[in-house]
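Counting in this note's numbering, the sequence shown runs from 75 upward without gaps.
This report concerns only the one structure given below.
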Amino acid sequence: MSFPVVFMQNIVVYSVLSISKLAFISLKSILPDTNESMRQSTLFILSLAIIQLSYACYITNCPIGGKRSLFASSILHDHQCPRCGANGQCYGSSICCTSSGCRIGHRSDIRQCSIEDHSVIPCTIKSASCSVLPNGQCAANGVCCNTESCQMDETCSMSSNQNDDSLQEQSHVL
């Protein structure tokens with residue numbers, strides 16, 4: 075683990091402990107007639123709720139299966155990745171692809187596509203997988219993209235995708 079990650083974890087733990095202490099003091103004033111074990115049980119449940127709610131990924135490039143795969147994703151429905159450009163689809167915070175090609179780093183695309191970075195639940199893109207890039211998806215004719223970059227890939231040609239759509243089309247979480 076790198077220093078910034080450990081530092082952030084320590085800040086989160088310290089924050090949760092501080093909030094728990096304040097909650098315990100508040101519980102004493104709100105529930106003066108209850109016994110100590112009841113207050114401690116309530117405090118424990120509140121602490122668990124705070125930890126679960128703060129379990130979201132605040133780093134824009136969360137790994138698939140990492141913090142973004144919290145239990146709430148099975149409860150809440152998946153949502154489509156943001157749209158961009160002229161009938162385009164966001165593949166990363168600065169990548170917008172249409173059927174004719176992909177743009178990387180365009181100001182208006184960054185504005186629309188970076189919205190997904192703030193979401194706790196990962197979005198889904200329904201397209202064929204490609205192996206040129208890790209977690210790659212066919213984004214345009216002959217182009218494979220993941221959340222970081224795009225690369226040419228002949229397995230993403232429109233003619234081969236149209237023939238294999240029934241076999242290879244799948245939902246992919248980005």
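Beta carbons are placed, not taken as given, at the ideal position from N, Cα and C, and that holds for glycine.
Between the options, which has its C-alpha nearest residue i's C-alpha?
i: CYS218; options: GLN154, ILE178, SER182; result: ILE178
i: GLU228; options: SER203, GLU222, ASN209, THR221; result: SER203
i: ASN209; options: GLY216, LYS200, ASN220, SER201; result: ASN220
i: ASN161; options: THR172, MET232, GLN154; result: THR172
i: SER223; options: SER201, TYR165, GLN186, ASN109; result: TYR165
i: MET232; options: GLY216, MET226, GLN225; result: GLY216
i: ASP183; options: SER121, CYS158, SER201; result: CYS158
Rounded to whole angstroms, what is the Cα-Cα separation between residue i and residue j?
i: SER193; j: PRO156; result: 11 angstroms
i: SER111; j: LEU117; result: 10 angstroms
i: CYS170; j: ILE124; result: 35 angstroms
Run the CB neighbour count on residue i, radius 10 Å, all protein chains shown included, and call it buried at 16 or more, exposed below.
i: SER167; result: buried
i: ALA214; result: buried
i: ILE119; result: exposed
My output table needs one value for residue i: the three-state DSSP class, helix, strand or coil.
i: HIS180; result: coil
i: ILE195; result: coil
i: CYS230; result: helix
Which residue or residues does DSSP assign as beta-bridge partners of residue i?
i: ALA214; result: VAL217
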